[in-house]
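Below: the structure, in structure tokens.
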Amino acid sequence: MAYKDLRAFLSVLERRGMLKRITTEVDVKLEITEITDRVCKAGGPALLFENVRGYHMPVLTNTFGSLERMCLALEVESLDQIGEELIGILQPAELPVTFIDKLKAIPKLAQLSSFIPKIVKNGPCKEVIIRENPSLKELPVLKCWPQDGGPFITLPLVFTRDPLTGRRNVGMYRMQVFDERTTGMHWHIHKGGAEHVRNYDGPMPVAVAIGADPAVIYAATAPLPPGIDEMLFAGFLRKEPVELVRCETVDLEVPANAEIILEGYVDPRETRLEGPFGDHTGYYSLPDHYPVFHLTCITRRKNPIYTATIVGKPPMEDAYLGKATERIFLPLMRLQLPEIVDINMPFEGVFHNCVIVSIKKRYPGQAKKVMCALWGMGLMMLAKLIIVVDENVDVQNLSEVMWRVFNNVDPRRDVLMVDGPLDALDHSSPLPHYGSKMGIDATRKGPGEGHMREWPPDIEMSADIKELVDRKWESYGL
87 MAYKDLRAFL SVLERRGMLK RITTEVDVKL EITEITDRVC KAGGPALLFE
137 NVRGYHMPVL TNTFGSLERM CLALEVESLD QIGEELIGIL QPAELPVTFI
187 DKLKAIPKLA QLSSFIPKIV KNGPCKEVII RENPSLKELP VLKCWPQDGG
237 PFITLPLVFT RDPLTGRRNV GMYRMQVFDE RTTGMHWHIH KGGAEHVRNY
287 DGPMPVAVAI GADPAVIYAA TAPLPPGIDE MLFAGFLRKE PVELVRCETV
337 DLEVPANAEI ILEGYVDPRE TRLEGPFGDH TGYYSLPDHY PVFHLTCITR
387 RKNPIYTATI VGKPPMEDAY LGKATERIFL PLMRLQLPEI VDINMPFEGV
437 FHNCVIVSIK KRYPGQAKKV MCALWGMGLM MLAKLIIVVD ENVDVQNLSE
487 VMWRVFNNVD PRRDVLMVDG PLDALDHSSP LPHYGSKMGI DATRKGPGEG
537 HMREWPPDIE MSADIKELVD RKWESYGL
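Residue numbers (this note's numbering): 87 to 564.
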């Protein structure tokens with residue numbers, strides 16, 4: 087059974103000892119961040135702060151802050167299961183040929199259609215409706231780091247609709263609270279929400295959900311291809327359709343079981359200076375001009391839970407959301423690049439700074455071909471460094487990867503430098519959004535790549551001696 091809402095997931099976490107309720111009074115300014123940072127880096131539980139100074143709402147942080155909780159959130163034993171299941175639907179082992187085969191395929195198609203979002207008339211997010219003088223003052227929005235430009239909503243699910251196609255987009259973009267009725271909308275130019283607002287001449291309707299069931303929250307972070315509905319993807323993850331309810335003041339639908347909904351609009355002609363913000367890179371992202379969200383209505387539960395995530399020097403909670411993306415989308419990458427064996431986006435690379443790939447190398451130049459193909463694949467275009475190793479290398483073992491890089495690379499031959507799009511948070515490039523990228527080919531080389539010398543074999547003990555030592559191990563007294 088899918089989690090009906092955030093509270094159902096928290097009940098499971100609490101039963102398993104993965105949720106800690108904190109009753110000591112805490113402050114939204116910096117204190118909650120420091121507590122969460124320590125707990126997250128120690129591998130600790132989700133935190134529910136029940137006594138927040140000046141507010142009636144509790145604050146939830148570190149919800150997804152471990153691989154175990156990430157698996158629980160998506161209701162799987164292993165995150166790899168999701169990608170394998172997705173490929174089973176998109177690319178069945180055997181294509182239906184006969185009439186009987188086609189009949190057998192119907193249940194899979196029916197299952198896929200059962201994930202389509204369901205519109206309902208009402209929901210818990212409508213228990214309280216504030217149309218007149220809605221104010222963000224009632225939300226315990228965190229100021230996370232000392233040099234932040236103000237308090238930021240850090241786990242918002244931002245709903246927009248493309249005016250040309252009518253398709254929905256749901257993304258996660260931080261929102262700096264400027265005053266009771268306005269916030270920043272940190273849309274990077276490469277993201278779906280920014281594309282939608284570029285297609286509007288006047289104010290664009292926007293709705294923001296805070297505190298949804300875990301599959302819906304994750305889906306908002308997923309790098310789906312353009313035009314793929316995040317709520318359909320969330321239905322696939324939870325194996326039940328997401329219930330959506332129409333907003334009060336804008337023509338959008340939002341999760342009916344959410345904790346809080348903010349309704350409003352963004353005018354593409356208006357921007358305001360936003361930031362700085364202590365970001366997931368471990369550095370402050372610098373102030374820049376971004377669109378402004380204007381609040382027109384708040385709907386919420388009677389006693390809502392305010393959800394937030396803390397980002398900073400890795401590893402933090404977002405690292406585990408990123409690891410879920412890595413495992414879920416690996417099989418989809420293999421559809422286009424079947425030579426890929428495994429991939430690792432290490433925490434230290436903060437998703438977009440480093441991608442390590444192992445491949446089944448069969449011909450000269452294949453590693454560079456894989457680099458270029460990855461740079462042309464959706465948001466993988468933002469990867470600043472791609473390292474390619476042979477299929478026998480464990481890409482999850484950074485020590486082994488670096489050993490191969492340090493020993494196998496001839497810089498002139500094996501390093502590829504290109505220019506292209508970069509993440510908006512990359513502070514190292516001379517220009518915003520654009521700069522250089524590096525590909526490192528750490529695979530074995532042969533004559534076809536200009537290496538005329540013999541390539542030395544790895545040092546490995548012979549199997550019979552390993553077996554002998556295994557049998558005698560206890561007798562050594564070690």
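Glycine included, every Cβ here is placed at the ideal spot set by N, Cα and C.
Hey, how far is the Cα of K558 from the Cα of S548?
Each residue's Cα considered, the two are about 16 Å apart.
Taking just the CA atoms, how far does C440 sit from V475?
Distance between the alpha carbons of V475 and C440: 14 Å.
Taking buried to mean at least 16 other C-beta atoms within 10 Å of its own C-beta, is L189 buried or exposed?
Its pLDDT being 48, under 50, L189 is placed unreliably in this model, and the value from its coordinates should be taken loosely. Its Cβ having fewer than 16 others within 10 Å, L189 is exposed.
Can G297 and L241 be called in contact, C-beta distance under 9 Å?
Contact flag set, yes.
Around the Cβ of Q262, are there at least 16 other Cβ atoms within 10 angstroms (buried) or fewer (exposed)?
Q262 should be labelled buried.
Whole angstroms is fine: what's the gap from V555's alpha carbon to I545's?
If I take the Cα positions, the gap works out to 17 Å.
Can you give the Cα-Cα distance for E403 and V487, rounded to whole angstroms?
Each residue's Cα considered, the two are about 25 Å apart.
Could you check which residue in H438, K454, F437 has the C-alpha nearest to that of I445?
It is K454 whose Cα lies nearest to the Cα of I445.
Less than 9 Å separating the beta-carbons of F437 and G169?
Not a contact, by the Cβ cut-off of 9 Å.
Where does the unbroken alpha helix (DSSP H) through C126 begin, and where does it stop?
It spans 117 to 127 - the alpha helix (DSSP H) in which C126 sits, taken as one unbroken run.
Sorted by chain position, which residues of the same chain lie with C-beta nearer than 7 Å to S200's C-beta, five sequence neighbours on each side aside?
Same-chain partners within the cutoff: P327.
Compute the Euclidean distance between the alpha carbons of P210 and R386, then round it to the nearest angstrom.
C-alpha separation (whole angstroms): 7 Å.
Would the beta-carbon of F363 fall within 9 Å of that of G257?
No; because the gap between Cβ atoms is not below 9 Å, this pair is not in contact.
Specify whether the segment 204 to 224 and the segment 377 to 393 touch according to this definition: at least 3 beta carbon pairs, one from each stretch, less than 8 Å apart.
Contact holds: three or more Cβ-Cβ distances are below 8 Å.
Does any CB atom of chain D fall closer than 9 Å to the CB of E553?
Considering every chain present, this structure includes no chain D. It has just one protein chain.
For D91, is the classification buried or exposed, using 16 other Cβ atoms within 10 angstroms of its Cβ as the cut-off for buried?
Buried, because 16 or more other Cβ atoms sit within 10 Å of the Cβ of D91.
Taking R102 as the reference, give the member of D428, A128, R155 with the closest Cα.
Comparing Cα positions, the closest option is R155.
On a CA-only basis, which of L423, S152, D480, G464 is nearest K277? Give me that one, please.
Of L423, S152, D480, G464, the residue nearest in Cα terms is G464.
Taking only the alpha-carbon atoms, compute the straight-line gap between I192 and L176 and give it to the nearest angstrom.
Note that I192 has pLDDT 49, beneath the 50 cutoff, so the model's placement of it is unreliable and the number below is only indicative. Answer to the nearest angstrom: the Cα atoms are 13 Å apart.
Give me the residue from V491, A159, R247 with the minimum Cα distance to I314.
Here the closest residue by C-alpha is R247.
Can you find at least 3 beta carbon pairs, one from the segment 331 to 338 and one from the segment 264 to 274, that sit closer than 8 Å?
In short, these stretches do not touch, since the Cβ pair count stays below three.
Relative to the C-alpha of L421, which candidate in L460, L508, K127 has its C-alpha closest?
It is L460.
Can you grab the Cα-Cα spacing for the pair V145 / K204, in whole Å?
Taking the straight line joining both Cα atoms gives about 29 Å.
Bridge partners for F379 per DSSP, in chain order?
In DSSP, F379 forms a bridge with T269, V352.
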